[in-house]
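Visitor: Offset between the sequence shown (1-based) and the numbering used here: plus 480.
Backbone N, C-alpha and C fix where the C-beta goes; we use that ideal spot for every residue, glycine too.
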Amino acid sequence: MFGDYRENAGKIPEGIKRLSSEKNIYLYGNARYAKEMLEVLDGFQVRVKGVLVSEKYWEKGEFCHLTMYKAERFFDGLQEEIVLVAGFNILVHSELTNTLLAQDQVKAIYVLNGCQMLWQNGFKFPDSRIVLVDNYYETLIKRDLNYAYFKENLPMFWQTYRWMTDDVSKRTMDAYLRGHFELAGFPMKELWETDDVEKQYFPEDIVHLTDREVFVDCGAYTGDTLESFLKKVHNFKRYYAMEPDQRRFKELSSKLTRCATSIEKS
Numbered sequence: 481m482f483g484d485y486r487e488n489a490g491k492i493p494e495g496i497k498r499l500s501s502e503k504n505i506y507l508y509g510n511a512r513y514a515k516e517m518l519e520v521l522d523g524f525q526v527r528v529k530g531v532l533v534s535e536k537y538w539e540k541g542e543f544c545h546l547t548m549y550k551a552e553r554f555f556d557g558l559q560e561e562i563v564l565v566a567g568f569n570i571l572v573h574s575e576l577t578n579t580l581l582a583q584d585q586v587k588a589i590y591v592l593n594g595c596q597m598l599w600q601n602g603f604k605f606p607d608s609r610i611v612l613v614d615n616y617y618e619t620l621i622k623r624d625l626n627y628a629y630f631k632e633n634l635p636m637f638w639q640t641y642r643w644m645t646d647d648v649s650k651r652t653m654d655a656y657l658r659g660h661f662e663l664a665g666f667p668m669k670e671l672w673e674t675d676d677v678e679k680q681y682f683p684e685d686i687v688h689l690t691d692r693e694v695f696v697d698c699g700a701y702t703g704d705t706l707e708s709f710l711k712k713v714h715n716f717k718r719y720y721a722m723e724p725d726q727r728r729f730k731e732l733s734s735k736l737t738r739c740a741t742s743i744e745k746s
């Protein structure tokens, strides 16, 4: 454990390498999510030629210093193939995804947060022209989990690993770290199962919930785990939810209030 990892500074993930080799790269979308994706591309120095948006969302001017094009008009008369980077959730906006795939000029659609999309899609890879990129941007770029941080906090990583008593947990931690440091493929894929989306925090063969449960959620996000918890157990002693991100904490507090009200009524 931990012996084969290499410094990830300066490395380029396999999916980004493939994208970098493409010609005529365009970003689709001009909302906050699209801006995040563009920041990822900038971080890896992937050149984008412009931004496509549907006509109803198009605004005159630029998006992050890039020319915006009305997608419907852009495709009319387009002679060359282009590659799109999704600045939107391809699963939520499946109709838009299918419309873009129906364009003969679209060679591929790259999805930068490929691990999350694979998870949401039940571990099934989508259409062959949709390329899931394994760049781990959420952690590498947003949370700065790099090898220097890993080495600095190695004793804590080791302690966490020693606390684990089952093989699945240990292999999961190893695969997670291996993916972030080696930046190759989807190492978590070998461990994921189709029902893990629902059971990720409460695997029945490991976690046995009772009506005397005291649950501590460290990193409660917006309360998504709370919802899963309440589906599993209706009577419990206490639920502690901790979330350091102020933006998420507001959402979490709101959800806790709604859940508490619902429990009182029941």
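Okay, do the region 513-520 and the region 571-586 touch, 3+ Cβ pairs below 8 Å being the bar?
Guide: Touching, no, given that fewer than three Cβ pairs across the two stretches are closer than 8 Å.
Visitor: Rounded to whole angstroms, what's the CA-CA distance from residue 519 to residue 684? Just pull it up for me.
Guide: Going by the C-alpha atoms only, they are around 40 Å apart.
Visitor: In whole angstroms, give me the CA-to-CA distance for residue 717 and residue 661.
Guide: Between residue 717 and residue 661, the C-alpha separation is close to 40 Å.
Visitor: To the nearest angstrom, how far is it from the Cα of residue 653 to the Cα of residue 713?
Guide: Going from the Cα of residue 653 to the Cα of residue 713 covers about 27 Å.
Visitor: Under 8 Å, with one C-beta from each stretch per pair, do the region 683-698 and the region 520-527 reach the 3-pair mark?
Guide: Output reads no: the region 520-527 does not touch the region 683-698.
Visitor: Helix, strand or coil for residue 593, going by three-state DSSP, please let me know.
Guide: Residue state, collapsed to three classes: strand.
Visitor: According to DSSP, which residues form a beta bridge with residue 695?
Guide: Looking at the DSSP assignment, residue 695 forms a beta bridge with 719.
Visitor: Give a yes or no on contact between the region 543-557 and the region 589-607, applying the rule of three or more CB pairs nearer than 8 Å.
Guide: No, the region 543-557 is not in contact with the region 589-607.
Visitor: Is any beta-carbon of chain C found at less than 8 Å from that of residue 505?
Guide: The question asks about chain C, but that chain is absent: this structure has only one protein chain.
Visitor: Less than 8 Å separating the beta-carbons of residue 564 and residue 508?
Guide: Yes. Within cutoff.
Visitor: On a Cα-Cα basis, can you pick out the residue from 545, 560, 691 that is closest to residue 710?
Guide: Ranking the options by Cα distance to residue 710, first place goes to 691.
Visitor: Using DSSP with H/G/I as helix, E/B as strand and the rest coil, what is residue 543?
Guide: Of the three classes helix, strand and coil, the one that applies to residue 543 here is strand, per DSSP.
Visitor: If you compare alpha carbons, which of 658, 742, 599 is closest to residue 457?
Guide: An answer regarding residue 457 cannot be provided, because it is not within the stretch 481 to 746 covered by the chain.
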